[in-house]
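Only one structure is covered here, and it is reproduced in the block below.
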Amino acid sequence: MVSIKDVAKEAGVSVTTVSRVMNNRGYIGEATREKVEAAIQSLNYSPNQIARSLLSNESHLIGLIVPEIRHPFFSEMVHWIEHYASQNNFKIIICNSVNDKDKESGYLQMLKEHRADGVIMCSHTLDIDVYKNLTIPIVSFDRIISSKIPYVASDNYHGGELATQHLIKKGCKKLLHIAGPLNFEMLSNRRFDAFQMTCSRNGIPWDVIEGANVESTFDDNYRFIEESLANKLNEFDGVFCSNDLMAYALTVYATRHNIKVPNELKIVGYDYNNYTRMLQSPKLTTIKQPIEQLAEQLITSLIKQMKNKDQPLTERAIFDVELIKGETT
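For the sequence shown, position 66 matches number 66 in the UniProt record's numbering, and the numbering has no gaps at all.
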């Protein structure tokens, strides 16, 4: 295996000079730089990234832990996080926890061992103390971990309010909310808070059912509706779903069972991701999260955290949401 010493010998310079050229540090004459770069190319030298990170205390790696990469929202989020990380010369290590505590814990340990410069947490199955005790910079998505850890989120309460108000304005008399896992301390559960508050203020009877253990595929969401909702669906004339995948599965189920959408059942989703935008018939009524802006802010907040390790940030970024009117209400 070619080493930095071989490059130095080939170029006729010191190991220190090769290191300075590779790290672009200090003054290096143009002729010397060209000799070193020619030697690197000639020998096909690839530096040991772990060794370099030990010397520079920087790996230019960011760990990104997501709950389920198959979920359309998170797959789009990953795309934009990688985009903005790359613009800032960072690589992303994607860790798919599938809402498994052991996997998430193992990923955190792996990222520490690989000297990741920082972590973006989009999966939150572990106790808050685990995240608070991390020794590397961290930024959280959709969860408040501590006053010393920045978080990024959309305005979940406003989103729940918009969805519920829209269903009521459309004439719905009894509403159902298909929520995410309410036992997790997630900011997304503010959607449910807004749902029940808005229903109560307007004298609208309501119910909630958790889709907590549903996998992120159409088939699994459809199966959940068949097994957990089919017998009580006729009790409601409006449903607010926690995400667009569930909303679309419900729309398909209703259509197959001769429930007319939106005349007999009105449906509102959440996210407005790339998957939703591809659906043309019917177009979902949904709440739009600004996914690209959320991703950009996650990278921005994390880089600020990296640069100010001795001064923990208290940055909080909340982005507004928007009602997208489609054909399901």
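Even for Gly, the Cβ is constructed at its ideal location relative to N, Cα and C.
Cα-Cα separation, residue i to residue j
i, j, result
"Met-306", "Arg-191", "32 angstroms"
"Arg-33", "Asp-6", "16 angstroms"
"Gly-269", "Thr-251", "10 angstroms"
"Asn-189", "Asn-243", "12 angstroms"
"Gln-196", "Lys-101", "30 angstroms"
"Ala-8", "Gly-26", "17 angstroms"
Neighbour-count burial assignment, residue i, 16 or more Cβ in a 10 Å radius
i, result
"Ser-56", "In this predicted model, Ser-56 has a pLDDT of only 49, less than 50, meaning its place in the structure is not dependable enough to derive any value."
"Asp-117", "buried"
"Met-246", "buried"
"Arg-143", "buried"
"Pro-205", "exposed"
"Ala-179", "buried"
"Thr-255", "exposed"
"Ile-50", "Below a pLDDT of 50, predicted positions are generally treated as unreliable, and Ile-50, at 48, falls in that range; the measurement from the model is reported next regardless. So Ile-50 ends up on the exposed side."
"Gln-297", "buried"
"His-79", "exposed"
"Leu-54", "For Leu-54, the pLDDT reaches just 42, beneath the cut-off of 50, and the residue's location in the model is therefore unreliable, leaving the point undetermined."
Per DSSP, the bridge partner or partners of residue i
i, result
"Ile-318", "Ala-153"
"Trp-80", "Partner(s): none; Trp-80 has no beta bridge."
"Cys-95", "Ile-65"
"Ala-179", "Glu-210"
"Val-239", "Leu-176 and Ile-267"
"Phe-141", "Val-152"
"Val-13", "Paired residue(s): none; Val-13 is not in a bridge."
"Thr-198", "None; Thr-198 has no bridge partner."
"Ile-291", "Ile-291 is not bridged to any residue."
"Val-119", "Gly-63 and Ile-138"
Identity of the residue in the options nearest residue i by Cα
i, options, result
"Tyr-272", "Ile-4, Ser-46, Ser-75 and Val-7", "Ser-75"
"Gln-109", "Leu-175, Val-130 and Pro-72", "Val-130"
"Leu-126", "Asn-156, His-79 and Met-186", "Met-186"
"Pro-72", "Leu-294, Arg-277 and Gly-326", "Arg-277"
"Leu-43", "Ser-3, Ile-81, Glu-30 and Gly-12", "Ser-3"
"residue 348", "Phe-218, Ser-46 and Cys-122", "With the chain represented from 1 up to 329, any question about residue 348 goes unanswered, as that position is not in the structure."
"Asn-156", "Asn-231, Ile-324 and Phe-319", "Phe-319"
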